[in-house]
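Q:
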Amino acid sequence: MNKVRLVAFEEIRRAVFRKSFIFVLLSMPLFIAMLVVPGIIMESLSRNDLPIGYVDLSGVLEAPRPFPIEESDHQIEILAFPSRVEASAALEGGGIQAYYVLQADYAESRGAELVFHEQPSSEATRSFYDFLQLNLLDHLPEEVAWRAADRIRITIRNPDGTRLFPASAPPLGSVLPIILGLAVGGLLITGAGSLMSGLVDEKSNRTIEVLTTSISSSRMITGKLLGIVTVSLIQLAFWILIGIAAIWLAGSIFGVEWFKDPIIDWASLIAVLAVALPSFVFASAVMFALGATIVDAQEGQAIGPMLFMVLIIPIYALLAIANDPHGGLAISLSLLPLTSILTIGIRSMLTVVPTWQILASMFIQIACALVAIWLAGKAYRLGMLRYGQRLRLGEILGRRGAKART
Amino acid sequence: MKMLLVLKYELITLLRKPGYLILAFGFPIVSLLVLAGINLARSGPQAQDLADNEPQQLEVEGFVDRAGLIGELPVEIPEGTLIEFPIEEQAREALSEERITAYYVVPSDYLASGELIYVHPSLNPLATDRQDWIMRRTLLFNLVGADAELADWISDPVALEEIDLSALEAGLDGDCARPGMDCEANPWIGRMPMLVMVFFFIVLTNGSALLIRSVSGEKQNRLIEILASSIDPLQLMAGKILGLGIGTLLGFAAWVAAAVAALRVSQPNLPVEFEVPGLLLPWAIVFFLLGFTLYASLMAGIGALVPNVKETTKASWIVMGPMLVGYMIGLFSIERPNGALMTALSLFPVTSPLNMVQRLTTGQVPGWQPVLAAALLGAAVFLAMKIAARLFRAHHLLSGQPFSPKILIGALRD
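Set out below in structure tokens:
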């Protein structure tokens, strides 16, 4: 046990106690910031709150009804111009972003022109349409007219009422299991990859010869896996802290509606983690086994992208899973190693994943992890002192007649 | 002469790599064949007949009107398509028995809140086949007093003619006369500037990454020791840049040819007024060549400091970081590709190969800007080559030190 602890600590020390670990910790938050920050900057730069004008040649807006008081704060200001000349002067002078001209026969033809230098913002267009519709219904009570003019806000609910969200976009709380699944997936690729390359390095610099004489292969694997899982959990905990801080900043300080008071579905998050942890051990053990079989690190570089491809299969199958979250494909992908992490995350957004499926998935992942650890042990024993020779699966499984390939 | 040997070796080695062949030629050819197949299937007489004759299938849905707003259904909604249930339990039962595919609940405070609940077995946020327009229409129809004509007017209040003064001043007619998001009728034309920029990003990053991998790979397998003793490092670097550059250019040409052929094969319904800006292709070639030389030189130089292929990723970030910033901002600027920030990025040398080409695709760039950007980029290429030459020296090529920013700074000061 002491030696297992030593190996685990050495793995942790090698990964954590170095300057580049700060970069590793910050890489994911920085990457996400790089995706989000330019969007926010561009959004704020392209925001156009200038009024929008109109020239009414038809007379339908002769005595316009204003927006309801409670709605007026959300609307772009609308300015009336007596003629095209005044409207054009305002546009050229930068006083308005565009102007509409309702033709003299608008009531019959609905003919109108929109004059601009740059397309008006969607908020401006929507405000003008709301204004026009409100006034076309000026014979109706304000509440009824506004409801007819304004858009309907649809909330989609599943039949058992366990999930509901606006049709426009699911709320933050609903997508958190997917985000967690992606974060664990990212850790899985980097963690398992570094475990493999570490082993290849130990083989190439002959450290393995010293290790072989002082520790059994099973203890070696256990120690390394414990080490890499601990390092990854440290990373995950850090990312979660940064994530909480980012949500708080966006919701409370910058007032972004989507980030305000998220309702967190803890059961779904725990389900994703419950499946992700044994998956992580499984992937690490597989990579360890591969590290023991391959000749150099360059060979192993192709394995990371392959692992990634398997992990994101649920993203490709997103539509099929979303259309039938209790269908055969969704259940199969929830049970299979690696694909289960994201599939359960996606399904949790849309429905309540039955507990038996989560438990079954967990047991499958644990079983796969145990088999992978056993295989890794065999591969390590056979491959640790074989330089320049690739191990074959038949040799690892102990098949008769399987020979080494040089 | 030795440089030509290196060029030939690099080019032949590259052309024999399956990964390169698949990416550079395989994907465009397969995409073209798929498009041709789809086009053939679409243009078949049977497919056309089916498309013409098949009626639009509507699902049967239900609704529960707690607000008491719905008195009658619009005539255009086929009978039996929307069934009223007095209470939600009955609607839920009908859904579980599959008599209906979904149902709506109009809350009692609908007039104040505007909230409508749509109970559907699939919460797929990406679904495009929902038919909630039927309920929207029904609610609007009833709110305006069952007046179908008024409901039509409210649904579609204007027959709009857009007058883009900037386009008129530039002598262009119509929103879709040039690529850009002003063209709402055709999403491909709308997103063309962004797609061109993404394409440039992929080609430039993959092309220049070949350099760092080639140099570090030769360092790792010690081939560089033999090369360094028989060829001047600068000739080696120039040969590599030219050889791999020609390979990248071949791939670039294959993709462009495939894109042009795909347009002809798929025969998309392009608006008659649409035309690709005439100067786009010559400028695209200029920015591609300069951009590739800039990044390839830097990658070759930094590759000389990287002891093995494994460490190339970290080193690549240092070179590719600025281009990535331009790429990300370009992605988020599809609505306004000619704003102040995009203009600045399109003039700045490390981002101009992407952002200037993106803007040139819109055909709205003043003539002096690409000239200035190309001149600045040319100067940056000169500087990059000087930096690369400083890094690409025998003692760096033969060193096995692990790569770090400190090593890079030291090598630049050397």
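These protein sequence lines are chains Y and W, in that order. Going letter by letter, the first sequence gives residues 1 to 406 in our numbering. Going letter by letter, the second sequence gives residues 407 to 820 in our numbering. We treat Cβ as the ideally placed atom computed from N, Cα and C, and that holds for glycine. Owing to the predicted nature of the structure, the values given are computational and were not obtained by experimental measurement.
(1) Out of curiosity, what's the CA-to-CA distance linking W/Ile-630 and Y/Ser-217?
(2) Tell me, please, whether the CB atom of Y/Asp-56 is closer than 8 Å to any CB atom in chain W?
(3) Output the residue ranges of the beta strand (DSSP E) runs that lie fully inside the stretch 41-91 of chain Y and measure 3 residues or longer, sorted by chain position.
(4) Suppose contacts are defined by Cβ-Cβ distances below 8 Å. Is W/Gln-764 in contact with W/Pro-599 by that definition?
(5) Is the stretch 271-279 of chain Y close to the stretch 336-353 of chain Y, with three or more CB pairs under 8 Å?
(6) Counting only beta-carbon separations shorter than 8 Å, does W/Arg-542 have a partner in chain Y?
(7) Is the distance from the Cβ of W/Leu-778 to the Cβ of W/Leu-753 below 8 Å?
(8) Could you check the C-alpha separation between Y/Val-200 and Y/Leu-236 for me, to the nearest Å?
(9) Considering only C-alpha positions, which residue in the set Y/Leu-311, Y/Leu-329, Y/Arg-47 is nearest to Y/Gln-97?
(10) Is it the case that the Cβ atoms of W/Ser-524 and W/Ala-508 are separated by a distance below 8 Å?
(11) Which residues of chain W have a Cβ atom closer than 8 Å to the Cβ of Y/Glu-113, listed in chain order?
(12) If we ignore side chains and look at the alpha-carbon of each, how far apart do Y/Lys-203 and Y/Glu-209 end up?
(13) Are the stretch 164-176 of chain Y and the stretch 259-267 of chain Y touching by the rule of at least three beta carbon pairs closer than 8 Å?
(14) Note down the Cα distance separating W/Ala-785 from Y/Pro-166, rounded to an integer number of angstroms.
(15) Could you spell out the range, first to last residue, of the alpha helix (DSSP H) harbouring W/Glu-494?
(16) Among Y/Pro-64, Y/Gly-53, Y/Ser-83, Y/Gly-111, which one has its Cα closest to the Cα of Y/Gly-94?
(17) Kindly say whether W/Asp-538, judged by its beta-carbon, lies nearer than 8 Å to any beta-carbon of chain Y.
(18) Excluding the five sequence neighbours on either side, which residues of its own chain have a C-beta within less than 6 Å of the C-beta of Y/Gln-133, listed in chain order?
(19) What's the call for Y/Met-309, buried or exposed, on a 16-neighbour Cβ count within 10 Å?
(20) Spell out the partners DSSP gives Y/Arg-157 in its beta bridges.
(21) Y/Asn-205 CB to nearest chain W CB: under 8 Å?
(22) How would you label Y/Pro-314, buried or exposed, when you count the other beta carbons within 10 angstroms and need 16 or more for buried?
(23) When the distance is taken between beta carbons, is Y/Ser-232 closer than 8 Å to Y/Leu-187?
(24) Mark W/Glu-490 as exposed unless 16 or more other C-beta atoms lie within 10 angstroms of its C-beta, in which case mark it buried.
(25) Using 8 Å as the threshold, is the stretch 140-156 of chain Y in touch with the stretch 542-556 of chain W, meaning 3 or more CB pairs across them?
(26) Checking the sheet assignment: what are the DSSP bridge partners for W/Glu-364?
(27) Where do the ends of the beta strand (DSSP E) carrying W/Asp-570 lie?
(28) Less than 8 Å between the beta carbons of W/Asp-471 and W/Val-440, yes or no?
(29) How would you label W/Glu-495, buried or exposed, when you count the other beta carbons within 10 angstroms and need 16 or more for buried?
(30) Could you check if Y/Pro-278 is buried or exposed, using at least 16 other CB atoms within 10 Å of its CB as the buried criterion?
(31) For Y/Tyr-106, count neighbouring C-beta atoms within 10 Å of its own C-beta (all shown protein chains included) and say buried if the count is 16 or more, exposed if not.
(32) Which same chain residues end up closer than 6 Å to W/Met-643 when comparing Cβ atoms and leaving out the 5 residues on each side of it in sequence?
(33) Under DSSP, the alpha helix (DSSP H) around Y/Glu-113 begins and ends at which residues?
(34) Mind checking whether the beta-carbon of Y/Val-200 lies closer than 7 Å to any heavy atom of the ligand GDP?
(35) Excluding five sequence neighbours on each side, which residues of the same chain lie with their C-beta closer than 8 Å to the C-beta of W/Ile-540?
(36) Apart from the five residues just before and just after W/Gln-454, which ones in its own chain have a Cβ nearer than 7 Å to its Cβ?
A: Taking the geometry as given:
(1) Position 224 of the second sequence, counting from 1, holds the residue named residue 630 of chain W. Position 217 of the first sequence, counting from 1, holds the residue named residue 217 of chain Y. Cα to Cα, the separation comes out at about 37 Å.
(2) For the purposes of this step, residue 56 of chain Y is taken as residue 56 along the first sequence, with counting starting at 1. By this cut-off, Y/Asp-56 is not an interface position.
(3) 52-56, 78-81
(4) Position 358 of the second sequence, counted from the first residue, corresponds to residue 764 of chain W. Position 193 of the second sequence, counted from the first residue, corresponds to residue 599 of chain W. Yes, they are a contact pair.
(5) yes
(6) Indexing the second sequence from 1 puts residue 542 of chain W at position 136. The Cβ of W/Arg-542 sits closer than 8 Å to at least one Cβ of chain Y.
(7) On the second sequence, position 372 is the one that residue 778 of chain W refers to. On the second sequence, position 347 is the one that residue 753 of chain W refers to. The answer is yes: Cβ separation under 8 Å.
(8) As a working note, residue 200 of chain Y is residue 200 in the first sequence. As a working note, residue 236 of chain Y is residue 236 in the first sequence. Each residue's alpha carbon lies about 25 Å from the other.
(9) As a first step, residue 97 of chain Y must be located in the first sequence, where it is residue number 97. Ranking the options by Cα distance to Y/Gln-97, first place goes to Y/Arg-47.
(10) Your numbering for residue 524 of chain W matches position 118 in the second sequence. Your numbering for residue 508 of chain W matches position 102 in the second sequence. Reading off the sequence, residue 524 of chain W comes out as Tyr, not Ser. In contact: W/Tyr-524 and W/Ala-508 (Cβ atoms closer than 8 Å).
(11) Working through the first sequence from its first residue, we reach residue 113 of chain Y at position 113. Per Cβ cutoff of 8 Å: Leu-566, Glu-567, Glu-568, Ile-569.
(12) As a first step, residue 203 of chain Y must be located in the first sequence, where it is residue number 203. As a first step, residue 209 of chain Y must be located in the first sequence, where it is residue number 209. Cα to Cα, the separation comes out at about 8 Å.
(13) yes
(14) On the second sequence, residue 785 of chain W is found 379 positions in, with the first residue counted as 1. On the first sequence, residue 166 of chain Y is found 166 positions in, with the first residue counted as 1. So the alpha carbons of these two residues sit roughly 52 Å apart.
(15) Against the second sequence, residue 494 of chain W aligns to sequence position 88. Start and end: 494-502.
(16) Working through the first sequence from its first residue, we reach residue 94 of chain Y at position 94. Comparing Cα-Cα distances from Y/Gly-94 to each of Y/Pro-64, Y/Gly-53, Y/Ser-83, Y/Gly-111, the minimum goes to Y/Gly-53.
(17) As a working note, residue 538 of chain W is residue 132 in the second sequence. Yes, contact with chain Y.
(18) Your numbering for residue 133 of chain Y matches position 133 in the first sequence. Ala-149, listed in sequence order.
(19) Within the first sequence, residue 309 of chain Y is the residue found at index 309, counting from 1. Exposed: under 16 other Cβ atoms inside 10 Å.
(20) Taking the first sequence and counting its residues from 1, the one referred to as residue 157 of chain Y is at position 157. BP columns for Y/Arg-157 point to Y/Leu-164, W/Val-525.
(21) The residue given as residue 205 of chain Y occupies position 205 in the first sequence. Interface residue (Cβ-Cβ distance to chain W less than 8 Å): Y/Asn-205 is not classified as such.
(22) Against the first sequence, residue 314 of chain Y aligns to sequence position 314. Its Cβ being crowded by 16 or more others within 10 Å, Y/Pro-314 is buried.
(23) Taking the first sequence and counting its residues from 1, one reaches residue 187 of chain Y at position 187. Taking the first sequence and counting its residues from 1, one reaches residue 232 of chain Y at position 232. Yes; because the gap between Cβ atoms is below 8 Å, this pair is in contact.
(24) Residue 490 of chain W sits at position 84 when you count from the first residue of the second sequence. It is exposed - the Cβ of W/Glu-490 has fewer than 16 other Cβ atoms within 10 Å.
(25) yes
(26) Any answer about residue 364 of chain W is impossible in this case: the structure gives chain W only from 407 up to 820.
(27) Numbered from its first residue, the second sequence carries residue 570 of chain W at position 164. Counting along the chain, the beta strand (DSSP E) containing W/Asp-570 begins and ends at 565-570.
(28) Position 65 of the second sequence, counting from 1, holds the residue named residue 471 of chain W. Position 34 of the second sequence, counting from 1, holds the residue named residue 440 of chain W. At least 8 Å separates the beta-carbon of W/Asp-471 from that of W/Val-440.
(29) In the second sequence, the residue the question calls residue 495 of chain W occupies position 89. By the neighbour-count rule (16 or more Cβ atoms within 10 Å), W/Glu-495 is not buried but exposed.
(30) Working through the first sequence from its first residue, we reach residue 278 of chain Y at position 278. Taking all protein chains shown into account, Y/Pro-278 has 16 or more neighbouring C-beta atoms within 10 Å of its C-beta and is therefore buried.
(31) Here residue 106 of chain Y is taken as the residue at index 106 of the first sequence, counted from 1. Its Cβ being crowded by 16 or more others within 10 Å, Y/Tyr-106 is buried.
(32) Along the second sequence, one-based indexing puts residue 643 of chain W at 237. Leaving aside the five residues that flank W/Met-643 on each side, the residues in its chain whose CB is nearer than 6 Å to its CB run, in chain order, Ala-706, Phe-798.
(33) For the purposes of this step, residue 113 of chain Y is taken as residue 113 along the first sequence, with counting starting at 1. Careful: Y/Glu-113 lies outside any alpha helix (DSSP H), inside the beta strand (DSSP E) at 111-116.
(34) With respect to small molecules bound, the structure shown includes none, and the ligand GDP cannot be examined in it.
(35) Taking the first residue of the second sequence as position 1, residue 540 of chain W is located at position 134. Hits under 8 Å: Leu-464, Glu-467, Ile-483, Thr-487, Leu-488.
(36) In the second sequence, residue 454 of chain W corresponds to position 48, counting from 1. Low confidence applies to W/Gln-454: its pLDDT is 47, below 50, so where it sits in the model is not reliable, and the reading given next is rough at best. No residues qualify anywhere along the chain.
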